[in-house]
Every structure is written in C-alpha cells, then in structure tokens.
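As structure tokens, the structure follows; a few thoughts come after it.
Numbering (this note's numbering), first residue to last: 42 to 301.
Printed below as a string of structure tokens:
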C-alpha cells in the first residue's frame, strides 16, 4: 500500500464515524418530532373538549333537572356567599333557577402536573357549595397512576365530605399510595382554580392573580443556597402571586428578577 493511500485511511475512518453520528442525530430528531406532534395532538384534544355544553350530561348525573351550564355571574356567586370563588360555573334548570355549581380545573390549572402531566377534573356542588361529586374528565398524567386513583375507593369519594371553601384552603384528603404526585396535583389544581381571583380579570397587566400561596407537593420554599447553584447572584426567593403555588421568583440584591 502506498504512503498516499495510507494517509487517506484516518480521513475515511473519521468520515464513517461522522456519518454514524449524523444518522443517530436524525433518528433522535425524528423521534422527538413524533413525540412533540403527539403531545400537541393531545393538548388540542383537551382544548376541543372544553366546550361547556359537553359538560351538561355529566352534571345531569348529579342534577337531573340541569338544562344549562354557564360561567356564574357575580350575583349568583353572592347569593351563595361564593363571590370570591374563581372558575365557578352555574348549573340552572329549565326555569332558570340555580341547581348547583361546577368547577373545572382546566385550563386554569393545566400547568400543575402530577408525575408527567395535568389532570382535568370536574367538581359539582350544591347551592351552598357542598361538594356532591368529583369526576376525572381526562388526564395527560401517567395512565397507571390515574387508574390507581380511579380504582381507589376512598380518594374521590372523600371530596364529598368537604365544601368548595374547604378545597380553597389546605384540603384534608389523603393522597393515594402509589399515585401520590398525581393525587396531590389533582388537589392542588382544584385549589388553584378556586383561588383564581375573578376581580383581577381587568387588572392593568391583564394577568389573573391567585390567593393560594402553598404548594401541596412542595410546601417549603427552595433554600437560597440551592438556588444559588443555578443563579449565583441570587439574593432572595419569594412566592409568585401570578403563577400560583409552588412557583418562586428569584431576585438579586438589586431586586432584579433572575428567573423562576
């Protein structure tokens, strides 16, 4: 073999490796694109299901005379002492009389995930705000964890001993063993949705604020020393009243926000 031929061997070997790396990169990119597309399809399906009229047959299981379900007016909320309640839906009969209320956690609490995704929950309550039934409409969380909750004979029925006001505070409902994060995410999603401040809809920045301050999954704020690993200039960590429980704002000594 000539000296010239031998000099091309390393180049050919390197080119071969680059081709292999390129093929692996393309394969991974394709897999990621498929995953992203599928996730987007799931989200679009959730959005399509948010038409309130689709909820009517579900609330009729609790209120057979229900004829309509619409966002509760301030007057309807005030009559039941629920005027500060967020995301409240009014259930009325054919005569326009109030039968009860419903609350749906999506889309308000879609950012609250359990193990791998959010869970959309529908809660029905009587005119006094006492919870009558809780139903999981759909979930992007781990299927096995959601099934654990559906199969559990205590978790969802336990809501029936509480009111909507109870759920706004720290709800005393025990999480399902083996599906703890999913259980807590459901509780936190309902708490978040109910605590969304309806009076802040017309705020100057157009952002809704929330009264809930504590995350059920992560009740303690992160330690500053841990945050400084990511943000070396961090000087303080404070709760965010825009993003809800479990969301923290990191600022430096000058009060400039560094991140969340």
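Beta carbons are placed, not taken as given, at the ideal position from N, Cα and C, and that holds for glycine.
The structure displayed is predicted, hence computed values, not measured ones.
- Going by DSSP, residue 208 is part of the alpha helix (DSSP H) stretching over 205-209.
- If you draw a 10 Å sphere on the C-beta of residue 145, you find 16 or more other C-beta atoms in it, and that means buried.
- Distance from the CA atom of residue 298 to the CA atom of residue 292, rounded to whole angstroms, is 4 Å.
- DSSP, reduced to helix, strand and coil, places residue 201 within a helical segment of the structure shown.
- Secondary structure note for residue 112: its beta strand (DSSP E) is the uninterrupted segment 109-112.
- Of the candidates 300, 232, 104 and 123, 300 places its Cα closest to the Cα of residue 274.
- The secondary-structure analysis by DSSP pairs residue 160 across a beta bridge with 180.
- DSSP places residue 270 outside any beta strand (DSSP E); the residue lies instead in the alpha helix (DSSP H), whose first and last residues are 265-271.
- Nearest in C-alpha terms to residue 206, of all of 217, 234 and 182, is 234.
- Excluding five sequence positions before and after residue 176, the CB atoms of its chain that fall closer than 6 Å to its own CB belong to 163, given in chain order.
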